[in-house]
Amino acid sequence: MWSRIVSRLFTSLVVAWASVTATFLALHALPGRIQDILAGDVEYPGLREAIAAEWGLDRSLPEQYVEFLSRILRGDFGTSYVLRQPVIEVVGSQLLPTVELALTAGVLAIVIAGFIALLTAGRGRFSRELASFVELVFASTPVFWLGILLLMAFSFNLRLFPVSGAEGWNSLVLPAITLALPTAGLLTQVLREAMEKTLDQPFVTTVRSRGVGELVIRWRHVLRHALLPAVTLGGWLIGGLLGGAVITEKVFGRPGLGTVTLGAVLPRRTGRAHRRAARSLHPRCRVHAARHPLCADRPEIEGPMTAPSHRSFDTAVPLEAPQDLVCFEASHSLATIAVRRRLPFGLVLSFVFVAFLIAASIVPSLFTHFDPLVGDFSEGLKPPGWAHLFGTDRLGRDVFARTVFGTRYSLLIGFGGVAVGLGAGIVLGIIAGQHNRILDEAVSRLFDMLSSFPGVLLAMLIVTFLGQGMLNIAIAVGIAGIPKFGRVVRAQTQLIRDADYVTQAAIYGLSRWQVFIRHVLPNVLVAIPIIATVYIGSTILIVSGLSFLGLGPQPPTPEWGVMLAESRDVLRVAWWPGVFPGLAITATVIAFSVIGNHLQQRFEGRLA
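For the sequence shown, our numbering gives the first residue as -17, with consecutive numbering after it.
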């Protein structure tokens, strides 16, 4: 027992050291010199040399690394260049609100999951199907969109809870619910499956024969046995809640690590983004303060706005400036396993919807005649109707057209991220799944290191290092998914490696390479379409979250996350700009999840 504990502690230290080392190397791998980044646009003789001397950047890389490790061991995590404060003080002052939110959401998620599992486990088919659908919706809904919906319903309309801040218990209610529901979606699935297996055990039959009531049996006997599988999710639960808390804090304007993190990684060019977005309007557009109450306190802009040369969407170039801050969640990669069995109608509907998404991403002009980049302020914030199915946004652009054209970005980056993660995961998983124990241990520790970061936070950090752009976002999302793909491929490789027919092939004289090419690799690749389909939904969640945060495509690009971020300013007077893009994200994640789960069920037990 003690040897196992020591081994686990040593492994944790190795993973922590690898994470710290990767952070150090990533900082030095940034384009350009660090002193140039710190100096910015300031030109002063000797400034960069002084910065290099003050920060120790004039030393060799090994010397800087040793100093870096020694400071961390002493508890010195450096000084924030943005806040001009020691990092340990910044984290310490903001840690309590984040932990408070994460713990509250975790307790609430456990309560919701236990309640639903107690009511639906072992019940009729309708109850199970309904519960599965609710779980899928919870897990497929972006955290930032769920927060927007709760704000519209309970803050703007009913005025029951404050819109932002962290004063009093009522300011914690909506953020905790927002963070808890996606987590409850997964926990409910795990608890219900475990309870249904436990209900068939002999000891439950014995307890029933004594005349004990069904509710008492479920509460006192079945639930405690079913909690074990849920406990194994504890590590993921903590990381997911902390990652989600970082995003939720930004949605509700709460203090915490989320605000600090986003303030550190996001460029401060919001004003430039707004000016560029305004210049993307049709040249006939004019801003008149009297035309809309939201503009009553803004000065009138005389003369027509100048449109950019790329009037057509197909030739438009996304702008390179970020938008206002707000956020995601991580999302979680839960939606992929939230449903166990779906009706054929749901499967057919999912295939039809995915076909529509693919068609809309290839030829969006088939479904709308509006240009998603052209708007008219005289048509601003028109409610849904025959002229505009989804209404218009504050700049007079058709929301339906922007939603349809936004499919291109979500699918392109989503498929690209899956390709990156799948390619690297296949290679690393196969290497780890072979007989070499040293390589297996090394790759497994790499997976542990990547998994120690919540998916959306890891993607945020990678985008910060690589820079914005569709390719960089796809790479960031793909790297975040490498552990998921790699572990599945590793397990499948080990399963096939030890199969009887593989052993017999080696006995008959086939070389190890021939056995791998003819028998192991083809059977491993059978699982690839299933893994890829299941993960696409999670990838789209992360992509939309990054865009919502300002780290993805920039305004006026009609990407779903960008549209939701832009809708925050008009939530009090118009609900449609903040509803339909979120519905598109949720429906897309649900469709891919249903298809992926169907493939998983159909080929379960046949992959080897």
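Where a beta carbon is used, it is the ideal one built from N, C-alpha and C, also for glycine.
Report the three-state DSSP secondary structure of residue i (helix, strand or coil).
i	result
Asp40	coil
Pro27	coil
Asp18	helix
Trp368	coil
Phe397	helix
Ala337	helix
Leu223	helix
Phe327	helix
Ala573	helix
Thr241	helix
Thr350	coil
Ala8	helix
Ala(-2)	helix
Arg268	Low confidence applies to Arg268: its pLDDT is 35, below 50, so where it sits in the model is not reliable enough to give any reading.
Thr123	coil
Arg141	coil
Ala103	coil
Gly578	helix
Ser146	coil
Trp151	coil
Leu355	coil
Gly96	helix
Leu363	coil
Val345	coil
Ile129	Rather than Ile, the amino acid found at residue 129 in this sequence is Gly. Of the three classes helix, strand and coil, the one that applies to Gly129 here is helix, per DSSP.
Gly235	coil
Ser(-11)	helix
Which residues does DSSP pair with residue i in a beta bridge?
i	result
Pro68	Thr61
Thr374	Asp380
Taking 9 Å as the cut-off, decide whether the C-beta atoms of residue i and residue j are in contact.
i	j	result
Gly60	Arg66	no
Arg550	Gly564	no
Ile522	Ser332	no
Ala121	Gly167	yes
Gly451	Ala406	no
Phe136	Leu128	no
Met545	Asp375	yes
Ala547	Leu531	yes
Asp40	Glu31	yes
Val336	Phe574	yes
Arg236	Ser109	no
Ile220	Gly88	yes
Arg174	Ala103	yes
Phe372	Thr385	yes
Val497	Ala487	yes
Ala456	Leu410	no
Go through its chain and collect everything with a Cβ distance to residue i's Cβ below 7 Å, but skip five positions before and after it.
i	result
Ile92	Leu169
Val502	Thr475, Ile478, Arg479 and Val484
Leu316	Because the pLDDT of Leu316 is 39, which lies under 50, any placement of that residue in the model is unreliable, and the number read from its coordinates should be weighed accordingly. The residues are Ala121, Pro164, Gly167 and Leu168.
Ala162	Ala87, Leu90, Ala91 and Ile94
Val552	Leu276, Leu363, Arg376 and Pro559
Phe234	Gly129, Ser146, Leu156 and Pro157
Arg554	Phe138
Val571	Ser122, Ala317, Gly519, Ile522 and Leu523
So, for residue i: in the same chain, excluding its five sequence neighbours on each side, which residues have a beta-carbon less than 6 Å away from its beta-carbon?
i	result
Ala320	A caution first: Ala320 carries a pLDDT of 40, below 50, which makes its placement in the model too unreliable to give a value.
Thr123	Thr568
Gly378	Gly357, Asp358, Phe359, Glu361 and Gly362
Glu178	Ala103 and Gly104
Leu112	none
Glu541	Gly388, Tyr391, Ser529 and Pro535
Ser62	Val69 and Val72
Using C-beta distances below 8 Å, list every residue in its chain close to residue i, excluding the 5 sequence neighbours before and after it, in chain order.
i	result
Met431	Val(-3), Ala0, Ser1 and Ala4
Leu210	Ala176
Ile461	Val402, Gly403, Ala406, Leu432, Leu440, Ala441 and Ile444
Ile518	Gly396, Phe397, Val400, Phe574 and Gly578
Thr(-7)	Arg427 and Asp430
Arg494	Ala488
Quick check: is the beta carbon of residue i nearer than 9 Å to any beta carbon in chain C?
i	result
Phe372	Annotation note: the requested chain C is absent from the structure, which comprises a single protein chain.
Could you tell me which whole alpha helix (DSSP H) segments of length 4 or greater appear in the region 501 to 569? Runs of the alpha helix (DSSP H) inside the region 501 to 569: 503 to 508, 510 to 531 and 542 to 549.
Inside the region 444 to 496 only - beta strand (DSSP E) runs reaching at least 3 residues: DSSP runs (the beta strand (DSSP E)) wholly in the region 444 to 496: none.
Quick check for students: name the residue ranges of the alpha helix (DSSP H) that lie wholly in the region 156 to 230, counting only runs of 4 or more. Here the runs fully enclosed are 184 to 191 and 205 to 213.
In chain order, which continuous runs of the alpha helix (DSSP H) of length 4 or greater are located wholly inside the region 395 to 444? Counting only runs of at least 4 residues, the region 395 to 444 fully encloses the following alpha helix (DSSP H) elements, listed from N- to C-terminal order: 419 to 433.
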